[in-house]
Amino acid sequence: MRKICLIIASLLAPIAAGAAPNPEMIVVCYPGGAVNAKDANGAMNSMLRVVERVGQWQANSFNSVFITKPDECRKQMAEKNPKFAITSLGLYLELRSQHNLVPVVQPRIKGRTSERYRVMVQKDKYKSLDELKGKTLGGTVLEEPAFIGRIVFAGKYDPASFFVLKPFNQAIRALRALDKGELDAVIVNEQQFGALGSLHREKPLEAVFESGEIPLMGVVANSAITTAEERARFGKALEGMCTDAEGKKLCELFGVESFVNVDAAVFEPMVKLWTEGK
Amino acid sequence: MLSLMVGCAGLQRDHILTGLPSGCPSQNADALLAEQNQLGPLSDTHALLCAVNVLRGTQDPAVRRTALGSRLCLHLAEREANQEKREKFAAEGVDFAETALAQGGGQDGAVHYYLAANLGLAVREHITLAMENLGRLEREMKQALALSPDIDDGGPLRLLGALYLKAPPWPGGIGDLDKALELLEKAVKEHPGHPINHLFYAQALWEEDDEANLSQVKAELALGEKLLAEGNWGYNKEAWQKEFAMFVQELGEAELSRR
Chain A
1 MRKICLIIAS LLAPIAAGAA PNPEMIVVCY PGGAVNAKDA NGAMNSMLRV
51 VERVGQWQAN SFNSVFITKP DECRKQMAEK NPKFAITSLG LYLELRSQHN
101 LVPVVQPRIK GRTSERYRVM VQKDKYKSLD ELKGKTLGGT VLEEPAFIGR
151 IVFAGKYDPA SFFVLKPFNQ AIRALRALDK GELDAVIVNE QQFGALGSLH
201 REKPLEAVFE SGEIPLMGVV ANSAITTAEE RARFGKALEG MCTDAEGKKL
251 CELFGVESFV NVDAAVFEPM VKLWTEGK
Chain B
1001 MLSLMVGCAG LQRDHILTGL PSGCPSQNAD ALLAEQNQLG PLSDTHALLC
1051 AVNVLRGTQD PAVRRTALGS RLCLHLAERE ANQEKREKFA AEGVDFAETA
1101 LAQGGGQDGA VHYYLAANLG LAVREHITLA MENLGRLERE MKQALALSPD
1151 IDDGGPLRLL GALYLKAPPW PGGIGDLDKA LELLEKAVKE HPGHPINHLF
1201 YAQALWEEDD EANLSQVKAE LALGEKLLAE GNWGYNKEAW QKEFAMFVQE
1251 LGEAELSRR
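Those sequence lines, one after another, are chains A and B.
With the numbering used here, the residue at position 203 of the first sequence is 203, and numbering never jumps.
The numbering used here runs 1000 ahead of the 1-based position in the second sequence.
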């Protein structure tokens, strides 16, 4: 998810010189990420020309603020009241009513626009999630425990009370700790799960929990302060990104096949789970 | 050999200096090589430009297989404020190093080290280039570390540590905070006199996002600043001061936001 956020964020980034008169602020929320704002902005700057060309905007029409802490994200969303934002699914669900958020585009990766989360343990050490009660759970996605509880665990477990949570800013560090027995379990997203084979491990791992399909999050818009046309234009520009000669290179670099228009129905079950979990 | 064939993706190959800089002393490559220790961060820019120009023209394999041209280009690149010019100096430094490898300089760790340092400078502002060259950077730095770990006050440890610190982490990249901490701690212990070793180690400790590290982060930072202020670092001093200032600012902003 990290690199997906980064590429989407990069599409909307400012460059320092020659900004348009009133650049539109994009709030980029990336909880739990191991990337700092300076690095992210460097990446963003490289991609700006592509999206401007594809979307036919005036140069530097957008500005952005990049945040990795959920509290700071809530604050910036309130202060900036942006037309467009890039958020995690958890923050979208939390802030959607307050800021009239609607999804605009989703990334497609390896043919999919959704992912599953899994809880990994050392093989044969635990048979089920229930056996992990009171045990340590690590991972990069624990900055948003409400999202994990309501969406990933579908409301069946409250991570904050069920586990001893150990957030990490790099998945590889959490998995090493699991391998050494310093953690009992690690929660991984689809991208991390798919890459487990590339890691050297002393002990084999297995999943004791697999979530349902959870949609990948992309760009959202405030429907109260954007028109349908603005949202469509934004979405169209992003959809064209990966077929543009230069944009294609960037998409390939980040493993994103394309950006696709959002089917709002995809998010309805998530909204239901979130609301039921309150 | 494989790395030679792979090459460095996408670098600007048009060098910015094609003519002889005016007022250069009469020099030949052999003499430069014999006195190469006199050329470094303390040398004025004109002297470095003259030396690089001599090295460009030499066909002497004994000179061409060394890291000298690459090292001098790195000094020029590091002190150059203009990004385009900086990247061209760095790209030429990569060319010098690749020539050295082609001439049989592969067992000289300095060739790999200056190749990697120049390559890093040439691509760091360009995300696609940087990502395309991550593998090459890592390979060259590892070779430098294996062959000549102590050159440039632990330069291979410092650079490889910084690469693992700054690169995107697994599964998207080679970034690895554990490896960064290990290498940079070693750099600080084995080469405590270099200010940037302390700065990078402080940054790695800070990346751990652990309150317990804060006092050590500040101690490493203070030590690095003291070494920088008191040492004669020549043209490197200004650029390094900026690096320190940026981290001090980041630290300050983070502390403010926590209150």
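For each residue, glycine too, the CB sits at the ideal point set by N, CA and C.
Annotation: the region 1112-1145 of chain B contains no complete segment of the beta strand (DSSP E) (minimum length 3 residues). In the structure shown, Met-217 of chain A adopts coil according to DSSP, grouped into three states. Counting the other CB atoms within 10 Å of its CB gives Met-1246 of chain B a total below 16, which places it among the exposed residues. Runs of the alpha helix (DSSP H) lying entirely within the region 1035-1068 of chain B and spanning at least 4 residues, in chain order: 1045-1057 and 1061-1064.
The criterion of a C-beta distance shorter than 9 Å is satisfied by Leu-1072 of chain B and Ala-1051 of chain B. Taken through DSSP and simplified to helix, strand or coil, Leu-137 of chain A comes out as strand. Taking 9 Å as the threshold, the shortest C-beta distance from Gly-1172 of chain B to chain A falls below it. Counted as a single uninterrupted DSSP element, the beta strand (DSSP E) harbouring Phe-259 of chain A occupies residues 258-261.
One alpha carbon belongs to Asp-71 of chain A, the other to Ser-1215 of chain B, and they sit about 25 Å apart.
When DSSP states are grouped into helix, strand and coil, Arg-118 of chain A belongs to the strand group. The Cβ of Gly-1161 of chain B sits no closer than 9 Å to any Cβ of chain A. Looking from the CA of Gln-191 of chain A, the closest CA among A:Phe-259, A:Ile-67, A:Ile-172 and A:Glu-202 belongs to A:Ile-172. With the rule of 3 Cβ pairs closer than 8 Å, the region 237-251 of chain A does not count as touching the region 67-85 of chain A.
The C-alpha of Leu-1251 of chain B lies about 11 Å from the C-alpha of Phe-1244 of chain B. Following the DSSP letters along the chain, one finds Ser-1215 of chain B inside the alpha helix (DSSP H) bounded by residues 1214-1230.
Interface residue (Cβ-Cβ distance to chain B less than 9 Å): Ser-198 of chain A is classified as such. Annotation: Cβ neighbours of Gln-191 of chain A in chain B (cutoff 7 Å, chain order): Pro-1171. For Gly-235 of chain A, not one C-beta of chain B is nearer than 9 Å to its own C-beta. Chain B has a Cβ within less than 9 Å of the Cβ of Ile-172 of chain A. Scanning A:Tyr-92, A:Gly-134, A:Thr-227 and A:Pro-31 for the CA closest to the CA of Asp-184 of chain A turns up A:Gly-134. Among the residues of the region 1126-1140 of chain B, those with a Cβ less than 7 Å away from any Cβ of chain A are His-1126, Ile-1127, Thr-1128 and Met-1131, in the order of the chain.
Residue burial is scored here from C-beta neighbours: Glu-202 of chain A has fewer than 16 other C-beta atoms within 10 angstroms and is therefore classed as exposed.
By the Cβ test, the region 1055-1062 of chain B is in contact with the region 1027-1036 of chain B, since at least three Cβ pairs between them sit closer than 8 Å. Annotated as distal: Gly-1155 of chain B and Leu-1183 of chain B, with beta-carbon spacing of 9 Å or more. Under the DSSP definition of a beta bridge, Leu-93 of chain A lacks any partner. Under the three-state reduction of DSSP output, Ser-88 of chain A falls in the coil class, being neither helix nor strand. Your pair Gly-218 of chain A and Val-104 of chain A checks out as a contact, with CB atoms roughly 7 Å apart and the cut at 8 Å. C-alpha of Gly-1231 of chain B to C-alpha of Glu-24 of chain A: approximately 46 Å in a straight line.
In the DSSP assignment, Ile-1196 of chain B forms no beta bridge with any residue.
Taking the beta carbon of Asn-169 of chain A as reference, the chain B residues within 9 Å of it are Pro-1169, Leu-1177, Glu-1207, Glu-1208 and Asp-1209, listed in sequence order.
With a cutoff of 9 Å on beta-carbon distance, Glu-144 of chain A and Gly-90 of chain A are scored as near each other. Three or more beta-carbon pairs drawn from the region 1114-1130 of chain B and the region 1062-1082 of chain B are found closer than 8 Å, and the two stretches are therefore classed as touching. In the structure shown, the three-state DSSP call for Gln-1103 of chain B is coil. For Lys-249 of chain A, the chain B residues whose C-beta falls within less than 7 Å of its own C-beta are Thr-1128, listed in chain order. If you look at Val-188 of chain A, you'll find it in the beta strand (DSSP E) that goes 185-188. Annotation for Pro-23 of chain A: no beta strand (DSSP E) segment contains it, and DSSP assigns it neither H nor E.
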